[in-house]
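S.K.: According to my numbering, the sequence shown is numbered sequentially starting from 357.
Where is the CB? At the ideal position from N, CA and C, for every residue including glycine.
What you are looking at is a predicted structure, and each value in this text was computed from that prediction instead of being measured.
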Amino acid sequence: MRVLTVCLGNICRSPAAEAALRARAPDWQVDSAGTSGWHISEPPYPPMQRAARARGLDLSGQRARRFGPGDFGRFDLILAMDRDVLADVEALRPAGAAAEVALFAAPDDVPDPYYTRDFEGCLDLIEAAAARIVAGRR
């Protein structure tokens with residue numbers, strides 16, 4: 357299974373979701389990206405790294421990258437962190453692209469802790485959704 361998690365900047369939610377999926381499905385190919393180009397090549401946001409590390413999730417080796425149309429051919433499943441990101445992802449879908457696109461924590465959005473400052477609540481949602489995703493795909 358090839359899975360891509362996508363958020364806005366690729367420094368909080370999608371890196372954490374990538375790590376949570378990797379921890380539960382080490383045989384899957386998992387990556388993350390952002391719909392904006394604000395943080396390209398930067399590591400995840402330090403407060404998110406600290407909160408994730410406290411839960412045993414290591415984000416330190418990740419670097420932000422921008423989502424692009426080519427990702428539809430590289431991944432089987434593309435998971436957006438919220439409805440706005442989902443719409444941005446779908447707007448870039450090439451004709452005939454077969455990748456499945458869905459909300460990561462469907463039917464809920466994962467609020468962006470960069471703005472809310474609720475890193476723990478964000479990680480609670482991400483870890484619960486990651487467990488459901490892996491269980492539903494095995």
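With a 10 Å radius around its C-beta and 16 neighbouring C-beta atoms as the bar for buried, classify T391 as buried or exposed.
M.R.: Reading the sequence shown from its first residue, position 35 is the one you call residue 391. Counting C-beta atoms within 10 angstroms of its own C-beta, T391 has 16 or more neighbours from the protein chains shown and is therefore classed as buried.
S.K.: In whole angstroms, give me the CA-to-CA distance for I489 and E483.
M.R.: Translated into positions along the sequence shown, residue 489 becomes position 133. Translated into positions along the sequence shown, residue 483 becomes position 127. I489 and E483: Cα-Cα distance of roughly 10 Å.
S.K.: Only counting runs of 3 or more residues, tell me where the beta strand (DSSP E) segments fall wholly within the stretch 448-492, in order along the chain.
M.R.: Those beta strand (DSSP E) runs which fall completely within the stretch 448-492 and span 3+ residues are 456-459.
S.K.: Check whether the Cβ atoms of R369 and F460 lie closer than 9 Å to each other.
M.R.: Sequence index remark: in the sequence shown, residue 369 carries index 13 (1-based). Sequence index remark: in the sequence shown, residue 460 carries index 104 (1-based). Inclusion of R369 and F460 in the CB contact set at 9 Å is warranted, their separation being smaller than that value.
S.K.: With distance defined between alpha-carbon atoms, name the residue in R421, I434, D427, P399 nearest to L415.
M.R.: For the purposes of this step, residue 415 is identified with residue 59 of the sequence shown, where counting begins at 1. Per the Cα distances, P399.
S.K.: Leaving out five residues before and five after A420 in sequence, what residues of the same chain have Cβ atoms less than 7 Å from its Cβ?
M.R.: Numbered from 1 along the sequence shown, position 64 holds the residue referred to as residue 420. Within the same chain, and ignoring the five residues on either side of A420 in sequence, the residues whose Cβ sits closer than 7 Å to its Cβ are G365, N366, I367, G390, H395, I396, S397, E398.
S.K.: Where D387 and A375 are concerned, what is the direct C-alpha to C-alpha distance, given to the nearest angstrom?
M.R.: Here the question's residue 387 lines up with position 31 in the sequence shown. Here the question's residue 375 lines up with position 19 in the sequence shown. Rounded to whole angstroms, D387 to A375 spans 9 Å at the Cα level.
S.K.: For D409, which option in F423, G492, A487, L479 has the closest C-alpha, if you only look at C-alpha atoms?
M.R.: What you label residue 409 is simply residue 53 of the sequence shown in a count that begins at 1. A small fix is needed here, since residue 409 is Arg in this sequence, not Asp. Measuring from the Cα of R409, the nearest candidate turns out to be L479.
S.K.: Quick one: give me the first and last residue of the beta strand (DSSP E) that L360 is part of.
M.R.: The residue labelled residue 360 in the question sits at position 4 within the sequence shown. Start and end: 358-363.
S.K.: Using DSSP with H/G/I as helix, E/B as strand and the rest coil, what is G390?
M.R.: In the sequence shown, the residue the question calls residue 390 occupies position 34. DSSP places G390 in strand when its eight states are reduced to three.
S.K.: For R380, name the three-state secondary structure that DSSP assigns.
M.R.: Indexing the sequence shown from 1 puts residue 380 at position 24. Residue state, collapsed to three classes: helix.
S.K.: To which residues of the same chain is E446 closer than 8 Å at the C-beta, ignoring the five residues directly before and after it?
M.R.: For the purposes of this step, residue 446 is identified with residue 90 of the sequence shown, where counting begins at 1. Only V457 meet the Cβ criterion.
S.K.: Kindly indicate which residue of M404, Q418, V362 has the alpha-carbon position closest to the one of T472.
M.R.: Counting from one through the sequence shown, the residue named residue 472 turns up at place 116. Cα-wise, what sits closest to T472 is M404.
S.K.: One question on the structure: do F423 and L448 come within less than 9 Å of each other, judged by their Cβ atoms?
M.R.: Looking up residue 423 in the sequence shown gives position 67. Looking up residue 448 in the sequence shown gives position 92. Yes, these two residues count as a Cβ contact at 9 Å.
S.K.: Leaving out five residues before and five after D427 in sequence, what residues of the same chain have Cβ atoms less than 6 Å from its Cβ?
M.R.: On the sequence shown, residue 427 is found 71 positions in, with the first residue counted as 1. These residues qualify, in order along the chain: L360.
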